[in-house]
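> Before we start, here is the structure in question, set down as structure tokens.
And the structure:
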């Protein structure tokens, strides 16, 4: 979806992400593509608080909200885009691309229905690509240390 929606940005961010993984071969990608991180919302009725943002994500690097589950998308599971004063109907399987700093929330589904979501994003700024990766190296080394404890 990202590549079709914004091919030039997709090309730039994919190249930057590729450079990160080439420079640090001990890092492992969880999936191909431009995103380095994901959050999995697996509660049976996933919803978000009003005005959610991915504050740590790079501001110009699109994030993907992926809707999953078994629910009536006409009655719930919508994505509210607060900054645009818009609401998007999101059937299961939908992918919504938004800038990480855009405020959004997800509407609760009906009782007995299940809605899950995956958010794909890249934290911080890809500026580390032009600065010999100091921030990325620190971030990943810190995460590696935490994983070992």
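Residue numbers (full-length UniProt numbering): 1 to 149. In this text, a Cβ means the ideal position worked out from N, Cα and C, and glycines have one as well.
(1) Within 10 angstroms of the Cβ of residue 115, are there 16 or more other Cβ atoms? Answer buried if so, exposed if not.
(2) Report the start-end ranges of each beta strand (DSSP E) in the segment 89-126 that is 3 residues or longer and not cut off at the edges.
(3) Under 6 Å: does the beta carbon of residue 4 sit that close to some heavy atom of the ligand ADP?
(4) Can you look up residue 70 in the DSSP assignment and give me helix, strand or coil?
(5) Among the candidates 42, 69, 95, whose CA atom is the shortest distance from the CA of residue 121?
(6) Hey, quick one: how far does the beta strand (DSSP E) through residue 40 stretch, first residue to last?
(7) For residue 91 and residue 72, what's the separation of their Cα atoms in angstroms?
(8) If we ignore side chains and look at the alpha-carbon of each, how far apart do residue 107 and residue 79 end up?
(9) Closest by CA to residue 83, which one among 70, 104, 61, 36?
(10) Nearest CA to the CA of residue 67: which residue from 39, 85, 86, 61?
(11) Would a C-beta distance cut-off of 7 Å place residue 119 and residue 65 closer than the cut-off?
(12) Distance check for residue 61 and residue 3, CA to CA, integer angstroms please.
(13) According to DSSP, is residue 144 part of a helix, a strand, or is it coil?
(14) State buried or exposed for residue 22, treating a residue as buried only when at least 16 other CB atoms are found within 10 Å of its CB.
(15) Find out if the Cβ-Cβ distance for the pair residue 34, residue 17 is shorter than 7 Å.
Concretely, from the data shown:
(1) Residue 115 sits at position 115 when you count from the first residue of the chain shown. Looking at its Cβ environment, which holds 16 or more other Cβ atoms inside 10 Å, residue 115 is buried.
(2) Runs found: 95-98, 104-106, 114-121.
(3) Of the ligands one can find in the structure shown there are none, so the ligand ADP has no counterpart to examine.
(4) For this step, residue 70 is matched to residue 70 along the chain shown. The answer is strand: DSSP assigns residue 70 an E or B state.
(5) In the chain shown, counting from the first residue as 1, residue 121 sits at position 121. Of the listed residues, the one whose Cα sits closest to residue 121 is 95.
(6) If you number the chain shown from 1, residue 40 lands on position 40. Residues 37-41.
(7) The sequence position of residue 91 within the chain shown is 91, counting from 1. The sequence position of residue 72 within the chain shown is 72, counting from 1. Here the alpha carbons of residue 72 and residue 91 stand approximately 8 Å from one another.
(8) Translated into the one-based positions of the chain shown, residue 107 becomes position 107. Translated into the one-based positions of the chain shown, residue 79 becomes position 79. Put simply, the backbone Cα of residue 107 is about 6 Å away from that of residue 79.
(9) Locating residue 83 in the chain shown gives position 83, counting from the first residue. Out of 70, 104, 61, 36, 104 has the C-alpha closest to the C-alpha of residue 83.
(10) Here residue 67 refers to the residue found at position 67 when the chain shown is read from its first residue. With respect to the C-alpha of residue 67, the residue from 39, 85, 86, 61 having the closest C-alpha is 39.
(11) Translated into the one-based positions of the chain shown, residue 119 becomes position 119. Translated into the one-based positions of the chain shown, residue 65 becomes position 65. Taking 7 Å as the Cβ cut-off, residue 119 and residue 65 qualify as a contacting pair.
(12) Taking the chain shown and counting its residues from 1, the one referred to as residue 3 is at position 3. Taking the chain shown and counting its residues from 1, the one referred to as residue 61 is at position 61. C-alpha separation (whole angstroms): 12 Å.
(13) Taking the first residue of the chain shown as position 1, residue 144 is located at position 144. In this prediction, residue 144 scores a pLDDT of 49, lower than 50, which makes its location untrustworthy; no coordinate-derived value is stated.
(14) Position 22 of the chain shown, counted from the start, is the residue given in the question as residue 22. Exposed is the call here.
(15) Counting from one through the chain shown, the residue named residue 34 turns up at place 34. Counting from one through the chain shown, the residue named residue 17 turns up at place 17. Contact: yes.
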